[in-house]
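Written below as structure tokens is the structure these notes are about.
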Amino acid sequence: MAVFYIDDSGTHDGTPVVVFGGLIGEQEQWERFEPRWKAKLANPLPGKSPLKRFHMHHCQRQRGDFIDYSDAESDALIHDFRQIILDCGVHGVSAAISKADYDELITGSLLEAHGSADDMAFASAISALDIEGRREGGVSLVCDDTGTSTERYGRVYDRYQAMHKKYGTRPLEGLAFRSMERVIPLQGADMIAWETYFYACEVLKTQDVPALRPHLQRYVDTGRFGAVFLSRDHILEFVRKLKRGPGVSWDWWATWPPS
Numbered sequence: 003m004a005v006f007y008i009d010d011s012g013t014h015d016g017t018p019v020v021v022f023g024g025l026i027g028e029q030e031q032w033e034r035f036e037p038r039w040k041a042k043l044a045n046p047l048p049g050k051s052p053l054k055r056f057h058m059h060h061c062q063r064q065r066g067d068f069i070d071y072s073d074a075e076s077d078a079l080i081h082d083f084r085q086i087i088l089d090c091g092v093h094g095v096s097a098a099i100s101k102a103d104y105d106e107l108i109t110g111s112l113l114e115a116h117g118s119a120d121d122m123a124f125a126s127a128i129s130a131l132d133i134e135g136r137r138e139g140g141v142s143l144v145c146d147d148t149g150t151s152t153e154r155y156g157r158v159y160d161r162y163q164a165m166h167k168k169y170g171t172r173p174l175e176g177l178a179f180r181s182m183e184r185v186i187p188l189q190g191a192d193m194i195a196w197e198t199y200f201y202a203c204e205v206l207k208t209q210d211v212p213a214l215r216p217h218l219q220r221y222v223d224t225g226r227f228g229a230v231f232l233s234r235d236h237i238l239e240f241v242r243k244l245k246r247g248p249g250v251s252w253d254w255w256a257t258w259p260p261s
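Residue 3 is where the sequence shown starts when you use the working numbering, and the numbers rise one by one after that.
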């Protein structure tokens, strides 16, 4: 059975985008992943103190444990952690949604039937696993236990399982909440969710398809990382399909860069 370590980004108030995404792999891949990640935490860069965990947003912005890092040092550390992900052969999956557009267009009975932007982003990420062929042996989910996340993830997980019963897709095998500091792969999931969030925000800001960040480009170049982005046009098309008849589920999928 594969394990999908999943994290969210942009689920706070006032965010333009909501993201669910992370890393999926088999047991042997995670057994290669964890000792290398722990070794890098213990010795992040020459002259730098050991880290309890890697936090992508803090590293990128030089906050918290990364306050004494320069831009070049932050970039070098992101590169090293990114390379661990690439070398271990795990797959990355993310889904991002334009929250303001979703909240405007999905209301009333549509909202009751299909849930919030959080629900849609979560289910879109899980749907991508099916298309990638990563769920044949079953998939269990592990999420960051932040206290407030338990109720939110539990709700979207239960809604997805209910959608499985309705549409006949394969159910997920379980949901667990673990500490990101203790469960190392969740820190890799944080990197994927952040990269997706940053890129989707750039798409909304520019109303175009901007170039990928070099780190994200390296993920994409492997062919093992993909994402879906539901812009206003995608959400409108989803609504139009719903009006034509029942049976439409969260099956949006695109490779980077999302259209």
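Yeah, the Cβ is synthetic: ideal placement off N, Cα and C, and Gly gets one too.
Sheet register partners of V230 (DSSP bridge)
The partner list for V230 (beta bridge, DSSP) reads A97.
Buried or exposed: where does Q2 fall if 16 or more other Cβ atoms within 10 Å of its Cβ makes it buried?
No information on residue 2 is available, as it lies outside the stretch 3 to 261 that the chain covers here.
How close, in whole Å, do the beta carbons of A98 and A178 come, if the pair is a contact with beta carbons under 8 Å?
That belief does not hold up - the Cβ atoms of A98 and A178 are roughly 24 Å apart, past 8 Å.
Can you look up S11 in the DSSP assignment and give me helix, strand or coil?
The answer is strand: DSSP assigns S11 an E or B state.
Host beta strand (DSSP E) of C61 (start-end)
Note, C61: premise wrong, no beta strand (DSSP E); alpha helix (DSSP H) at 58–63.
So G190 is in the alpha helix (DSSP H); what residue range does that whole segment cover?
Its alpha helix (DSSP H) spans residues 187–208.
Put G66 into one of helix, strand or coil per three-state DSSP.
In the three-state reduction of the DSSP assignment, G66 falls in the helix class.
How many whole angstroms separate the CB atoms of Q31 and G91, which I take to be in contact at a CB cut-off of 8 Å?
The Cβ separation is near 5 Å, so the contact holds.
Endpoints, the beta strand (DSSP E) within which S142 is located:
That run of the beta strand (DSSP E) goes 141–146.
Starting from I108 and walking both ways along the alpha helix (DSSP H), at which residues does that stretch end?
Per DSSP, I108 belongs to no alpha helix (DSSP H) and is neither H nor E.
Which residue's Cα is closest to the Cα of G117: H60, Q64, P216, Y162?
Ranking the options by Cα distance to G117, first place goes to Y162.
Alpha carbon to alpha carbon, what distance is there between L238 and P18?
Approximately 17 Å, taken between the alpha carbons.
Out of G24, L218, C145, D210, which one is the CA nearest neighbour of S96?
Out of G24, L218, C145, D210, G24 has the C-alpha closest to the C-alpha of S96.
Can you name the residues that DSSP bridges to V262?
One cannot answer for residue 262 here, as it falls past the ends of the chain, which runs 3 to 261.
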